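Residue numbers (the numbering used here), protein chains in the order written: chain Y, 24 to 345; chain Z, 24 to 345. For every residue, glycine included, the Cβ atom is placed at its ideal position computed from N, Cα and C. Note that this is a predicted model, so its numbers are computed, not measured. Before any comments, here is the structure.
2 protein chains.
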Amino acid sequence: MAEKVDLFIGFDLGGTFLKYALGNSRGEILFKSKKPSKGDQSKDAIFSVFYECIKELLVKAKKQGGTVVAIGVGSPGAINFDKGKLLGNTPNLPQWGNAQIRKRLEGKYGIPVWVDNDANLMALAESRVGAAKGYENVIALTLGTGIGGGILINNELYRGHNFAGAELGHMSIAYDGIPCDCGGRGCIERYASATAMVKNYIARLSAKSCEIPDKVTTELIFTRAHKGDREAIETIDETAEYLGAALASLTNIFNEEIIVIGGGVAEAGDEFMNLIWQAVQSRTMKPGLLGLKLVRAKLGNDAGMYGAVSLAIDNYYKTENV
Amino acid sequence: MAEKVDLFIGFDLGGTFLKYALGNSRGEILFKSKKPSKGDQSKDAIFSVFYECIKELLVKAKKQGGTVVAIGVGSPGAINFDKGKLLGNTPNLPQWGNAQIRKRLEGKYGIPVWVDNDANLMALAESRVGAAKGYENVIALTLGTGIGGGILINNELYRGHNFAGAELGHMSIAYDGIPCDCGGRGCIERYASATAMVKNYIARLSAKSCEIPDKVTTELIFTRAHKGDREAIETIDETAEYLGAALASLTNIFNEEIIVIGGGVAEAGDEFMNLIWQAVQSRTMKPGLLGLKLVRAKLGNDAGMYGAVSLAIDNYYKTENV
Numbered sequence: 024m025a026e027k028v029d030l031f032i033g034f035d036l037g038g039t040f041l042k043y044a045l046g047n048s049r050g051e052i053l054f055k056s057k058k059p060s061k062g063d064q065s066k067d068a069i070f071s072v073f074y075e076c077i078k079e080l081l082v083k084a085k086k087q088g089g090t091v092v093a094i095g096v097g098s099p100g101a102i103n104f105d106k107g108k109l110l111g112n113t114p115n116l117p118q119w120g121n122a123q124i125r126k127r128l129e130g131k132y133g134i135p136v137w138v139d140n141d142a143n144l145m146a147l148a149e150s151r152v153g154a155a156k157g158y159e160n161v162i163a164l165t166l167g168t169g170i171g172g173g174i175l176i177n178n179e180l181y182r183g184h185n186f187a188g189a190e191l192g193h194m195s196i197a198y199d200g201i202p203c204d205c206g207g208r209g210c211i212e213r214y215a216s217a218t219a220m221v222k223n224y225i226a227r228l229s230a231k232s233c234e235i236p237d238k239v240t241t242e243l244i245f246t247r248a249h250k251g252d253r254e255a256i257e258t259i260d261e262t263a264e265y266l267g268a269a270l271a272s273l274t275n276i277f278n279e280e281i282i283v284i285g286g287g288v289a290e291a292g293d294e295f296m297n298l299i300w301q302a303v304q305s306r307t308m309k310p311g312l313l314g315l316k317l318v319r320a321k322l323g324n325d326a327g328m329y330g331a332v333s334l335a336i337d338n339y340y341k342t343e344n345v
Numbered sequence: 024m025a026e027k028v029d030l031f032i033g034f035d036l037g038g039t040f041l042k043y044a045l046g047n048s049r050g051e052i053l054f055k056s057k058k059p060s061k062g063d064q065s066k067d068a069i070f071s072v073f074y075e076c077i078k079e080l081l082v083k084a085k086k087q088g089g090t091v092v093a094i095g096v097g098s099p100g101a102i103n104f105d106k107g108k109l110l111g112n113t114p115n116l117p118q119w120g121n122a123q124i125r126k127r128l129e130g131k132y133g134i135p136v137w138v139d140n141d142a143n144l145m146a147l148a149e150s151r152v153g154a155a156k157g158y159e160n161v162i163a164l165t166l167g168t169g170i171g172g173g174i175l176i177n178n179e180l181y182r183g184h185n186f187a188g189a190e191l192g193h194m195s196i197a198y199d200g201i202p203c204d205c206g207g208r209g210c211i212e213r214y215a216s217a218t219a220m221v222k223n224y225i226a227r228l229s230a231k232s233c234e235i236p237d238k239v240t241t242e243l244i245f246t247r248a249h250k251g252d253r254e255a256i257e258t259i260d261e262t263a264e265y266l267g268a269a270l271a272s273l274t275n276i277f278n279e280e281i282i283v284i285g286g287g288v289a290e291a292g293d294e295f296m297n298l299i300w301q302a303v304q305s306r307t308m309k310p311g312l313l314g315l316k317l318v319r320a321k322l323g324n325d326a327g328m329y330g331a332v333s334l335a336i337d338n339y340y341k342t343e344n345v
């Protein structure tokens, strides 16, 4: 009789798409796809998309001679990891609030389910199969519309005592700085997210009465900087300083081994990473810099799926002791 | 035959005094005293003070019908916890650099020794027998000449992957703020330590051409504030805002259960603590505030000794499994 092959399902839920994947026990993705998530519809509608995907993946798993032994789910919003459910609401999926993800999926399939938020799963993915593979103490930042963060301590995700921790985008770098929706002031998200960069660049153009393009993106800023555009260069420089300040504080606190920077902005190129690294080096206490690495995320838009598969793997083997 | 009673020695080394104590397995202090630490002299001279204290405490332990089973040591400076030695130098004990505390004391007495830095031990002490007793996720700040910090996660001190973490005084609250000796800018220590408060108060007096007293202390600032001195009140208010900014970031990151504030400044009274708490509440993300407490440290100047005894207890029972 052939040995049973453990397979894992990973989901990455967003407002527009539900990405889904089948992975093996090494965290490799054997198959991936996506479906419209029906994020603007009811909980039942969104769960029905999950069911379709699971049905499809169970068939694929069988064809591969394997068995799906666990499911990992990444969802926007605050997640109660112990219960596998949402805590409150999430803006892009207006009816998804308090969704009992584990209860619904385990109830239907009898397969164990673990749920975490997307920022945590990006950090987990990079540490299991990405840019921080082999490192046990990791800080990960994703620079996007906002700034998401994840922390691994001794190879485990750090969530805080009631799952409200690791909000690295809401670390303040300016006690009297820009007010943030979170209630704080000077949150790094207001200074160094893609949104903030675009805003800062437009402000610099306005201040000099330069023409403002119809669509300003971080790509445009980096392209223009390469061509010598002064305001673009200054915007990138200041972003690196902001990130340097936040990462120096984080390193003084965590003394991690490696920092992973993800998101569209990080894909801009090595120069930007070098600027961030210079800022980190100039601001961090010397002992924390010993052996510290700063790297670009490797998994891009698939990080959430990889992370969900890794979450399922980690917790399945921890729980089952197989 | 009487049951063996486990007793523990705790040391708190400073530039001026070596404080020492004998404690029981519940972390209670049975006897405490201090001797001049000979901090300006050679390593051998300093160790000779340790030896005298141990000799005295071994006799006391025997008289109590107990046995000293472990020794805990708090020392200024960066400590390699795994090796029980200093990493580099420490300003107030110029010849104490790289001291092999465990090696020397274990070599002489055959009793297991654990060493940590004083900020960590303050946090440990408060969580074991002080203001945070019973809490497993603790942030502790000591406001003194500088700002020291300690972090307990799941009831364990967090040190970072090579013992350079938990430098909470060097979290930046102003990316373009006051340069710090550590190499960073805007470190909270430059804004809210006792030293910083005194500086800020003098600056406010100078700006208004008020007379500056010969000796400005935080006690003086608090006394004057009670009498309605405008500059003193403003100095205290701004200190609370600075601390609120730093603690909000820490709570967004750690989602701890309790924050302990120690040091002379914290002993100023409930009003100051209330101001800090208001600032924390207004700046922290709501989920992190659920159930969060902010309390004043309880053990005062004895925290180091209590922490050293607790360090010995924790690690002895962890190691020996008795």
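Going by CA-CA distance only, name the one from the options that's closest to residue i.
i              : options                        : result
N297 (chain Y) : Y:T262, Y:L30, Y:I276, Y:R182  : Y:T262
K131 (chain Y) : Y:T342, Y:I94, Y:N185          : Y:I94
F104 (chain Z) : Z:C76, Z:E79, Z:I256, Z:N143   : Z:N143
N185 (chain Y) : Z:P310, Z:L41, Z:G120          : Z:P310
S216 (chain Z) : Z:I32, Z:G286, Z:V136, Z:N121  : Z:G286
A101 (chain Y) : Y:L180, Y:E190, Y:G251, Y:R253 : Y:E190
T168 (chain Z) : Z:E212, Z:R247, Z:G133, Z:E280 : Z:E212
Counting along the chain, where does the alpha helix (DSSP H) carrying residue i start and finish?
i              : result
A215 (chain Y) : 212-215
S305 (chain Z) : 293-306
V82 (chain Z)  : 66-86
If residue i sits next to residue j, beta carbons under 8 Å apart, how far is it from one beta carbon to the other, in whole angstroms?
i              : j              : result
P99 (chain Z)  : L36 (chain Z)  : 7 Å
I170 (chain Y) : A146 (chain Y) : Wrong, their Cβ atoms sit about 13 Å apart, outside the cutoff.
V152 (chain Z) : I124 (chain Z) : Not quite, the Cβ-Cβ distance comes to about 23 Å (not below 8 Å), so this is no contact.
A289 (chain Z) : A255 (chain Z) : Actually they are not in contact, since the Cβ atoms of A289 (chain Z) and A255 (chain Z) sit about 17 Å apart, beyond 8 Å.
L273 (chain Y) : I162 (chain Y) : 5 Å
A302 (chain Y) : G267 (chain Y) : 2 Å
F54 (chain Z)  : L128 (chain Z) : With a Cβ gap of about 19 Å, F54 (chain Z) and L128 (chain Z) do not count as contacting.
N115 (chain Z) : G192 (chain Z) : The pair is not a contact, with the Cβ atoms about 16 Å apart (cut-off 8 Å).
M194 (chain Y) : C205 (chain Z) : Not quite, the Cβ-Cβ distance comes to about 18 Å (not below 8 Å), so this is no contact.
How far does the beta strand (DSSP E) with residue i in it extend, from its first residue to its last?
i              : result
Y181 (chain Y) : Neither: Y181 (chain Y) is in no beta strand (DSSP E) and is coded neither H nor E.
S56 (chain Z)  : 52-59
L166 (chain Z) : 161-166
R319 (chain Z) : 316-319
G46 (chain Y)  : 40-47
N143 (chain Z) : Not the beta strand (DSSP E): N143 (chain Z) falls in the alpha helix (DSSP H), residues 141-152.
G173 (chain Y) : 170-176
S333 (chain Z) : Looking at the DSSP string, S333 (chain Z) is not in any beta strand (DSSP E); the run it does join, the alpha helix (DSSP H), is 326-343.
L36 (chain Y)  : 28-36
What does residue i reach in chain Y if we use C-beta pairs closer than 9 Å?
i              : result
L110 (chain Z) : P310
G97 (chain Z)  : Result: empty, since nearest Cβ-Cβ is about 18 Å, beyond 9 Å.
A148 (chain Z) : Per Cβ cutoff of 9 Å: no residues; A148 (chain Z) is ~20 Å from chain Y at best.
Alpha carbon to alpha carbon, what distance is there between residue j and residue i?
i              : j              : result
S305 (chain Z) : G107 (chain Z) : 41 Å
V332 (chain Y) : N140 (chain Z) : 40 Å
L334 (chain Z) : A187 (chain Z) : 18 Å
K86 (chain Z)  : V28 (chain Z)  : 11 Å
L90 (chain Z)  : I52 (chain Z)  : Reading off the sequence shown, one finds Thr at residue 90 (chain Z), where the question assumed Leu. Each residue's alpha carbon lies about 15 Å from the other.
I69 (chain Y)  : E75 (chain Y)  : 10 Å
M24 (chain Y)  : Y329 (chain Y) : Residue placement at M24 (chain Y) cannot be trusted, given a pLDDT of 47 that sits under 50; the coordinates are not used to answer.
G292 (chain Z) : I259 (chain Z) : 12 Å
K58 (chain Y)  : F40 (chain Y)  : 6 Å
G314 (chain Y) : A226 (chain Z) : 40 Å
A219 (chain Y) : I196 (chain Y) : 14 Å
N223 (chain Z) : T240 (chain Z) : 11 Å
D67 (chain Y)  : P202 (chain Z) : 55 Å
Can you pull the chain Y residues whose beta carbon is under 7 Å from the beta carbon of residue i, in chain order?
i              : result
N275 (chain Z) : E190, H193, M194
A271 (chain Z) : S195, G207
A68 (chain Z)  : Within chain Y, no residue comes near A68 (chain Z); the closest Cβ sits about 27 Å away, beyond 7 Å.
Going along chain Z in order, which residues have a C-beta closer than 7 Å to the C-beta of residue i?
i              : result
H249 (chain Y) : Within 7 Å Cβ-Cβ: nothing; H249 (chain Y) doesn't reach chain Z, min ~26 Å.
A197 (chain Y) : A197, Y198
N160 (chain Y) : H184
Just the chain Z side, please: which residues come within less than 9 Å of residue i by C-beta, in chain order?
i              : result
A187 (chain Y) : T274, N275, N278, M308, K309, P310, G311, L312, L313
E264 (chain Y) : Y198, D199
Could you tell me which chain Z residues have their CB closer than 8 Å to the CB of residue i, listed as they occur along the chain?
i              : result
S305 (chain Y) : G206
N103 (chain Y) : Those do not exist, as N103 (chain Y) stays about 10 Å from chain Z at its closest Cβ, beyond 8 Å.
N121 (chain Y) : Those within 8 Å of N121 (chain Y) in chain Z number zero; the least Cβ separation is about 14 Å.
Quick check: is any heavy atom of the ligand SAM less than 7 Å from the C-beta of residue i?
i              : result
N297 (chain Y) : What this structure holds is no ligand at all, so the ligand SAM is not there to describe.
Residue i versus chain Y: which residues are under 8 Å apart at the beta carbon?
i              : result
A154 (chain Z) : Residues of chain Y passing the Cβ test: none, with the nearest at roughly 17 Å.
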